[in-house]
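Chains as they are written, first to last, in our numbering: chain A, 27 to 641; chain B, 112 to 419.
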């Protein structure tokens with residue numbers, strides 16, 4: 027029988043539509059202004075902490091919409107942004123040093139929807155407001171820094187081996203070593219190929235000369251390190267600012283994208299991203315009582331510090347070595363198979379470290395991570411700039427042996443922690459300079475404007491098309507309109523499901539799809555009209571209409587998809603958003619316009635005798 | 112030929128003249144005036160601020176001038192309460208701090224602080240890259256289309272469709288050049304979308320031409336193509352109208368940021384509709400399309416199978 031879908035096909039279509047409605051649903055609930063608290067240390071919050079915070083908020087008299095504690099994170103929802111900001115300020119004042127307070131717009135999705143993984147669409151920065159930075163790591167500087175290190179190392183290596191050289195100079199990206207005899211040179215080549223594997227050694231024309239340059243592989247490594255270091259540092263700093271959903275991503279070989287949704291004060295964000303960090307090695311003071319120091323009576327010659335987990339610790343005031351004496355750090359395993367970090371010091375650092383450790387075997391030594399940042403704060407309507415020094419003890423370990431140029435730090439919990447520490451050490455000590463090469467900030471008022479305007483244009487465009495189709499194609503037009511409605515719903519559902527970022531151009535993509543989605547139906551309906559004009563029966567006209575239009579629809583849409591793919595491939599942020607919605611729109615429209623309308627047409631006209639089609 | 116059919120291909124000479132004029136004017140303007148590139152491509156700083164009351168632009172300008180921003184352009188954006196300030200990339204000045212300095216300068220004299228709506232800073236090197244990537248994207252999509260159409264249809268069609276696309280792109284760019292409308296990343300995306308749209312139109316027409324070449328027994332190429340164009344005409348117009356409807360909504364209601372994007376698409380859709388009828392098909396005809404070009408290839412193997 028013509029124009030009848032088998033039951034499974036009808037069910038399949040209905041299931042897809044139902045899922046579409048279900049997963050599009052979260053977008054109707056909007057957002058709650060909320061405050062998110064998380065631990066800034068490695069230990070997660072306990073229930074007691076959550077209770078404590080809840081009491082603070084309740085005592086303040088600010089109405090709390092809901093309070094959630096999950097996975098060590100606290101989320102307090104409020105009725106409006108005023109309440110949210112008041113509470114955030116309050117908590118920032120009263121918080122312990124272990125708490126990060128972030129403003130967030132938490133989706134007000136009901137629990138049952140969240141439990142099936144249904145979340146609202148992820149809004150791009152142009153819609154929710156926030157800051158987007160593109161940072162470029164100065165790779166030339168990273169390489170130059172490495173060259174300087176090798177230059178120093180080669181000189182000290184020659185001195186250590188008691189080889190007399192005429193000169194060691196930097197020569198256009200290479201290090202030129204001039205020796206006194208050819209024999210010396212051969213000895214140096216020998217040393218270099220053993221101890222400086224990362225260098226390419228070329229013998230000069232002059233028999234006593236040789237040139238060393240950083241090999242291509244080593245250069246690649248240096249660049250990779252520079253990028254990884256900077257990303258780690260940035261990630262740590264962003265965590266300190268308290269941003270709910272930050273994005274820190276590598277882009278290309280030497281760039282980093284940082285997106286901070288909801289952050290309005292770019293000046294402050296720039297300050298924080300631009301802070302410098304360093305490291306210090308200090309001996310721990312085990313002779314004195316830590317608790318006394320906590321209550322304000324630190325012994326002379328020692329200072330109170332805090333560990334990662336918030337534990338207080340006394341360290342000697344005298345610094346053994348500082349971060350700028352660290353030339354490299356890498357992670358690995360010690361001879362017992364425990365996670366370790368291998369550190370390389372420069373000549374001066376090595377000497378100091380050697381002396382200090384020789385005298386203090388068996389005593390604990392601490393690594394202190396130091397950040398300098400300038401912060402601008404509003405105090406009583408006035409802006410106050412404050413330079414802040416933040417110190418954190420990242421590792422405490424017992425000295426087992428006399429250290430020299432290269433040594434290892436053990437006592438770490440896992441290889442992961444070792445990797446992080448190595449990165450931090452490198453990050454603190456040798457981060458290559460970064461430049462902000464692109465900045466896009468969208469204020470909250472514009473973000474909301476963009477959402478409103480986007481919604482309005484989708485709505486108006488949609489209604490115009492609905493009216494036009496209904497007038498022109500009558501019953502069939504109405505059917506196409508139902509399909510168009512579902513098309514919109516499914517696009518939203520897919521965007522919500524894959525959590526693609528919705529941007530303003532993305533909304534434009536949806537609007538455009540609405541216009542183009544009817545194309546498939548227009549093709550089909552025109553074909554049906556033609557068939558009727560050619561004297562075919564309504565039933566067979568419907569059948570051949572759908573049949574013949576199918577190939578055309580496919581061809582036409584594949585080419586558009588092709589363009590959307592190119593757009594996606596080259597696009598940055600906003601353009602990508604457009605490409606994503608356009609491609610999803612095309613694919614979804616194929617489903618709704620062909621299968622969806624056919625199902626309804628079959629229900630309305632199929633399986634019975636009809637004289638005339640309302641088309 | 113049927114009564115109410117339009118002889119599209121008979122008017123191809125007129126179309127050729129119209130298209131030639133449009134293209135020549137566009138190219139001349141592109142060479143003479145160039146495109147008014149946005150900061151996405153040129154690099155620079157852009158600050159959009161909002162006031163509760165319409166501010167005095169002249170005053171803002173002089174404030175900025177006094178603070179050392181001589182090259183700042185100040186204009187209203189969308190409404191009289193919104194102001195857009197543009198700064199060219201400056202050498203030797205930390206671009207990062209530029210936007211903050213501008214804001215400080217403005218707020219230092221104003222009684223009511225401005226609401227920051229948008230800050231964009233694009234470094235010159237990033238701008239160059241975006242421009243280059245954009246050009247490449249255009250070329251890649253053209254190339255991809257050339258291959259796809261040649262594979263699905265025939266190389267004459269593929270040349271016809273790409274020629275029509277160049278036609279559309281050049282005229283759309285020409286429009287932006289003649290009226291000196293700002294050309295930024297979103298407009299580039301629109302131009303690429305125009306390629307997709309216009310191609311969609313062209314493919315539908317080609318599809319029908321191919322079908323008719325295969326099914327209609329008699330008739331010259333020109334007649335068959337005319338029949339095909341007439342058969343697809345109402346579809347071509349219908350789709351263009353619905354798309355144009357939503358684009359008008361977008362242009363009028365979508366806000367200033369998306370305005371030029373919608374305009375580019377509107378022009379593109381108009382030109383694309385015209386070109387799929389008056390450019391893409393005449394070129395295929397001029398290249399000497401014949402029925403044989405489109406006959407389904409008979410596989411050699413099949414003949415052998417039929418041998419006893």
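Every residue, glycine too, gets a C-beta built ideally from N, C-alpha and C.
* Asked: To which residues does DSSP link residue 370 of chain B through a beta bridge?
  -> Beta-bridge pairing links residue 370 of chain B to no other residue.
* Asked: Taking C-beta to C-beta, are residue 682 of chain A and residue 496 of chain A nearer than 8 Å?
  -> In the structure displayed, chain A extends from 27 to 641; residue 682 of chain A sits before or after that span and is not available.
* Asked: What residues from the stretch 525-549 of chain A come within 7 Å of chain B, judged by C-beta to C-beta, listed N to C?
  -> Of all residues in the stretch 525-549 of chain A, 530, 531, 534, 537, 538, 540, 541, 542, 544, 545, 548, 549 have a Cβ within less than 7 Å of some Cβ in chain B.
* To do: Using a Cβ-Cβ cut-off of less than 8 Å, list which residues of the stretch 172-185 of chain B approach chain A; keep chain order.
  => none
* Looking at C-alpha atoms only, which residue of B:398, B:390, B:372, B:346 is the closest neighbour of residue 284 of chain B? -> Check the Cα spacing between residue 284 of chain B and each of B:398, B:390, B:372, B:346: the tightest is with B:372.
* What residues are listed by DSSP as bridge partners for residue 432 of chain A? -> A:370
* With distances taken from CA atoms, which of A:378, A:480, A:167 is nearest residue 251 of chain A? -> A:167
* **Any chain B beta carbon closer than 8 Å to residue 694 of chain A** => With chain A represented from 27 up to 641, any question about residue 694 of chain A goes unanswered, as that position is not in the structure.
* **Any C-beta of chain A under 8 Å from that of residue 435 of chain B** => Summary: the structure shown does not reach residue 435 of chain B, with chain B confined to residues 112 through 419, and so no result is reported for it.
* Asked: How should residue 161 of chain A be labelled, buried or exposed, when 16 other C-beta atoms within 10 angstroms of its C-beta is the threshold for buried?
  -> With 16 or more other Cβ atoms within 10 Å, it is buried.
* To do: Show which residues of chain A have a CB atom less than 9 Å away from the CB atom of residue 345 of chain B.
  => 548, 552, 555
* Please list the partners that residue 581 of chain A has in chain B, where partner means a Cβ-to-Cβ separation under 7 Å. => Chain order gives the chain B residues near residue 581 of chain A as 263, 314, 318, where near means a beta carbon separation below 7 Å.
* Within the 8 Å Cβ cut-off, does residue 391 of chain B reach chain A? -> no
* Could you give the distance in angstroms between the alpha-carbon of residue 381 of chain B and the alpha-carbon of residue 351 of chain B? -> 7 Å
* Asked: Is DSSP giving residue 176 of chain A helix, strand or coil here?
  -> Note: residue 176 of chain A maps to helix in three-state DSSP.
* Cβ neighbours of residue 42 of chain A in the same chain (closer than 8 Å, five flanking residues each side left out) -> 516, 617
* What residue range is occupied by the uninterrupted beta strand (DSSP E) comprising residue 31 of chain A? -> Run containing residue 31 of chain A: none; DSSP gives neither H nor E here.
* Mind listing which residues of the stretch 476-489 of chain A have their C-beta closer than 9 Å to chain B's C-betas, in chain order? -> 476, 478, 479, 480, 482, 483, 484, 485, 486, 487, 488, 489
* Asked: My guess is that residue 255 of chain B and residue 299 of chain B are in contact by the Cβ rule of under 8 Å, so how many angstroms apart are they, rounded?
  -> Contact flag wrong, Cβ pair sits at about 17 Å.
* To do: Return the first residue and the last residue of the alpha helix (DSSP H) that residue 631 of chain A is part of.
  => 623-631
* Asked: Can you tell which of B:126, B:118, B:119, B:146 has the C-alpha that lies nearest to the C-alpha of residue 291 of chain B?
  -> B:146
* **Endpoints, the alpha helix (DSSP H) within which residue 266 of chain B is located** => Where residue 266 of chain B is concerned, the enclosing alpha helix (DSSP H) stretches over 266-289.
* Is the beta carbon of residue 509 of chain A sitting closer than 8 Å to the one on residue 619 of chain A? -> yes
* When A:275, A:577, A:594 are compared against residue 319 of chain B, the one with the closest alpha-carbon -> A:577
* Beta carbon proximity, residue 244 of chain B to chain A, threshold 8 Å -> Closer than 8 Å to some Cβ of chain A, the Cβ of residue 244 of chain B qualifies, so yes.
* List the residues of chain A whose Cβ lies closer than 8 Å to the Cβ of residue 279 of chain B, in chain order. => Contacts between residue 279 of chain B and chain A, judged by CB atoms closer than 8 Å, are missing: the closest CB pair is about 12 Å apart.
* Looking only at its own chain, which residues have a Cβ that is under 6 Å from the Cβ of residue 466 of chain A, when we skip the five neighbours before and after it? -> Counting only Cβ-Cβ distances below 6 Å, and skipping sequence neighbours, we find 158.
* **Contacts of residue 428 of chain B in chain A (Cβ-Cβ under 8 Å)** => Chain B is shown from 112 up to 419; residue 428 of chain B falls before or after that span and cannot be answered.
* Mind pulling the chain A residues with CB within less than 7 Å of residue 306 of chain B? -> 589
* **Residue-level contact to chain B via CB, residue 137 of chain A, 8 Å cutoff** => no
* Asked: Secondary structure at residue 321 of chain B, three-state DSSP: helix, strand or coil?
  -> Note: residue 321 of chain B maps to helix in three-state DSSP.
* Asked: What does residue 469 of chain A reach in chain E if we use C-beta pairs closer than 7 Å?
  -> Of the protein chains in the structure, A and B, none is chain E.
* Asked: residue 190 of chain B CB to nearest chain A CB: under 8 Å?
  -> no
* **Contact set between residue 464 of chain A and chain B, taken where Cβ atoms lie within less than 7 Å** => 232, 233, 234, 237
* Inter-residue CB distance, residue 364 of chain B and residue 482 of chain A (contact presumed, cutoff 8 Å) -> 5 Å
* Could you tell me how far apart the beta carbons of residue 546 of chain A and residue 615 of chain A are, in whole angstroms, since I believe they sit closer than 8 Å? => In this structure, residue 546 of chain A and residue 615 of chain A form a Cβ contact; the two beta carbons are roughly 6 Å apart against a cut-off of 8 Å.
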